[in-house]
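Heads up: the structure comes next, in structure tokens.
Number of protein chains: 2
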Amino acid sequence: MAAWSERLAGVSGVLLDISGVLYDGGEGGGAAIAGSVEAVARLKRSRLKVRFCTNESQKSRADLVGLLRRLGFDVSEGEVTAPAPAACLILKQRGLRPHLLVHDGVRSEFDQIDTSNPNCVVIADAGEGFSYQNMNKAFQVLMELENPVLFSLGKGRYYKETSGLMLDVGPYMKALEYACGIEAEVVGKPSPEFFKSALQEMGVEAHEAIMIGDDIVGDVGGAQRYGMRALQVRTGKFSSTMGPQEPLPPATSSLPRRWCLLSSLSCLPVPPPACPPGCLRRQPDLPCTSPASTPHCLRDQAEGRAGSAAAQLALP
Amino acid sequence: MAAWSERLAGVSGVLLDISGVLYDGGEGGGAAIAGSVEAVARLKRSRLKVRFCTNESQKSRADLVGLLRRLGFDVSEGEVTAPAPAACLILKQRGLRPHLLVHDGVRSEFDQIDTSNPNCVVIADAGEGFSYQNMNKAFQVLMELENPVLFSLGKGRYYKETSGLMLDVGPYMKALEYACGIEAEVVGKPSPEFFKSALQEMGVEAHEAIMIGDDIVGDVGGAQRYGMRALQVRTGKFSSTMGPQEPLPPATSSLPRRWCLLSSLSCLPVPPPACPPGCLRRQPDLPCTSPASTPHCLRDQAEGRAGSAAAQLALP
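From first to last, the protein sequence lines stand for chains A and B.
Numbers in the numbering used here are just positions in the first sequence, counted from 1, shifted up by 802.
Numbers in the numbering used here are just positions in the second sequence, counted from 1, shifted up by 802.
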């Protein structure tokens, strides 16, 4: 594997997907993916800016951060870009009153939103809430509107829980689009506006940033289209559906064919830590003059995966 | 409105959709659409061949026919072309063992089908059976198959019950297609194979047949693509969503722009009855020499809808 300084030259910010990269959800809240707690800690010690960019729409940001902290991650609410708060901003700006088809866990994010006499529909990963009755109600609300507006918090196809693959909000978005003959507005990855706001909050330009996720469409494709670089981890939904040599499923065949694969976040080569006070280094790719440095992960080299056709970094 | 003999010259067989044309489903089985019982009786007395061509997939043919007979219709099981029996034929021919996501009411149609160790998925209008759990199970079965095969009994967007519009199987087909990155095989209208089998069972060629339904995609579009003529009734789902002057919803914009609209089946101009024994008529468009004749419905003329741009018959 090429050196960090060569492959990620100019990168100053990392956007980290959460589900499938940091942890797999499931019974009891889920489980951290091996090595990811330490990897986040290393990243935060490095000179890189780090932000969490998730399409999680079953939980409020507060609940999500609480769960991650219990699993050992160093993360705060202010470091997370999530679709529900972004949707609230849009609803307020456009004076829209949503009918909500969302999980109870995220409903509190909409506490300040007027939901009376709805003139649009917002769907999120409602899980068991995607009953026929609830879907039909959302459909009927849309059909009664002169100009039906549907917001979908993300459009992921599925995600991995510890018990197996689970349908995400995307399939249900497609169902309502087809039923009503409309096109949804996606709030979340891969929407360019969503990446834009995450980067603004991190204070990094697109060409200086890399997205790390397990979703080839939402994370890799979306980031690349917005001018960022992208790494796909082999954890989360990736590990359940595609081996390294398998072709992309048909739904993703329009995506760029070159991107970087990484066994897991724990294998991310991390640059030297930010220089402590007193360090005289001025050029960012030179080693820090401080005696301490973070060891790079060597697992990918050891597994012999470097150099394969799939393991090329796609520059935007 | 032009005379029957002019507008439907050469038509010798009529395919009738059931839901939205004969009756609207709902509480207590639903209700016959005004005048449709008598219209079916008139058609059956005429010289035309009549067959019922439905995408109904919540009920077995036996249950559907029982319901229709209770509502007063003259119909027998052998006159109905429905997707579940057609799907069983395909499953047997191809040696496939389905995982079924169907309504309990239609499950008996699959009694002779091996459903052990499934190597495909069949979905139908499952109604409340479209729970998140059931959808996720179908998704997981498909994702575990090397070559996932999904059959959908119809792909209707929605239908009308007495209580309002209801999501049909189509949106759920789209959801699974998107989730798995596959394309479903549709068994039912508008599949050409389905029209073919209905016409074969009726003994009429496509150019001699007309389809009457309330669904612009499944009935009108499908029939026209198969070389048939088509009439769309303004009952069923049509009456809830489109006035005569409203444009087609975006999802159907690729369809032919010319087809014939009819207020309801009760307004169908019916040709003279089949000639009784002893009649000397030889040319089919001449009046029967028998003294009795069936009066034509004049309601469309009375409403002044004839001659509008939308009310043109699209010849294949």
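Each residue gets a CB set at the ideal place from its N, CA and C atoms; glycine is no exception.
Classify residue i as helix, strand or coil using the three-state DSSP reduction.
i                : result
L1067 of chain A : helix
K846 of chain B  : helix
Q914 of chain B  : coil
A833 of chain A  : strand
P900 of chain A  : strand
R853 of chain A  : strand
R959 of chain B  : coil
V823 of chain B  : coil
S954 of chain A  : strand
I892 of chain A  : helix
L1122 of chain B : There is simply no residue 1122 of chain B to check, as chain B begins at 803 and stops at 1118 in what is shown.
E987 of chain A  : strand
H863 of chain A  : The sequence given here has Arg at residue 863 of chain A, not His. Looking at R863 of chain A - three-state DSSP - the assignment turns out to be helix.
V924 of chain A  : strand
L869 of chain B  : helix
V816 of chain A  : strand
M1030 of chain B : coil
A1011 of chain A : strand
Residue i CB to nearest chain B CB: under 8 Å?
i                : result
Q942 of chain A  : yes
F801 of chain A  : Residue coverage of chain A in this structure runs from 803 to 1118, which leaves residue 801 of chain A outside it and unanswerable.
L978 of chain A  : yes
M945 of chain A  : yes
A926 of chain A  : no
A841 of chain A  : no
M1044 of chain A : Since pLDDT at M1044 of chain A reaches only 46, below the 50 mark, its modelled position is unreliable, and the value read off the structure follows with that caveat. No, its Cβ sits nowhere closer than 8 Å to a Cβ of chain B.
A889 of chain A  : no
D819 of chain A  : no
Look at the alpha carbon of residue i and the alpha carbon of residue j, and state the distance between them as a whole number of angstroms.
i                : j                : result
K957 of chain A  : V1022 of chain A : 14 Å
G822 of chain A  : T1037 of chain A : 6 Å
E979 of chain A  : S848 of chain A  : 44 Å
T987 of chain B  : R1027 of chain B : The identity of residue 987 of chain B in the sequence shown is Glu, whereas the question assumes Thr. One C-alpha to the other measures close to 17 Å.
V816 of chain A  : R896 of chain A  : 31 Å
R872 of chain B  : A841 of chain B  : 16 Å
A884 of chain A  : L824 of chain A  : 15 Å
V1019 of chain A : P992 of chain A  : 7 Å
R899 of chain A  : A1011 of chain A : 35 Å
L955 of chain A  : V1072 of chain B : 52 Å
I915 of chain B  : K998 of chain B  : 24 Å
A977 of chain B  : A811 of chain B  : 42 Å
E1007 of chain A : C890 of chain B  : 57 Å
R959 of chain A  : P973 of chain A  : 6 Å
E946 of chain B  : H901 of chain B  : 12 Å
V839 of chain A  : E829 of chain A  : 19 Å
C1062 of chain B : T856 of chain A  : 50 Å
A1025 of chain A : M1013 of chain A : 6 Å
L870 of chain A  : G831 of chain B  : 51 Å
Y961 of chain A  : L944 of chain A  : 27 Å
K861 of chain B  : V867 of chain B  : 9 Å
S965 of chain B  : L845 of chain A  : 57 Å
H905 of chain B  : A926 of chain B  : 7 Å
In chain B, which residues lie less than 9 Å from residue i when you measure between Cβ atoms?
i               : result
S933 of chain A : E930, F932, S933, Y934
So, is the C-beta of residue i closer than 8 Å to a C-beta in chain A?
i                : result
Y961 of chain B  : no
G822 of chain B  : no
A811 of chain B  : no
A884 of chain B  : no
A981 of chain B  : yes
Q1047 of chain B : Per-residue confidence for Q1047 of chain B stands at a pLDDT of 35, beneath the threshold of 50, marking its modelled position as unreliable; the derived number appears in the next sentence. So, not an interface residue.
Please list the partners that residue i has in chain A, where partner means a Cβ-to-Cβ separation under 7 Å.
i               : result
N938 of chain B : M968, L969
Y974 of chain B : A977
Which residues in chain B sit within 8 Å of residue i, going by Cβ to Cβ distance?
i               : result
A986 of chain A : The contacting residues do not exist; A986 of chain A stays about 12 Å from chain B at best.
Q) Counting pairs of Cβ atoms below 8 Å between the region 930–940 of chain A and the region 908–920 of chain B, do you hit three or more? A) no
Q: Take every Cβ of the region 1064–1074 of chain A, pair it with every Cβ of the region 824–838 of chain A, and state whether three or more of those distances are shorter than 8 Å.
A: yes
(Q) Taking contact to mean 3 or more Cβ pairs, one atom from each stretch, closer than 8 Å, check whether the region 935–947 of chain A and the region 865–880 of chain A are in contact. (A) no
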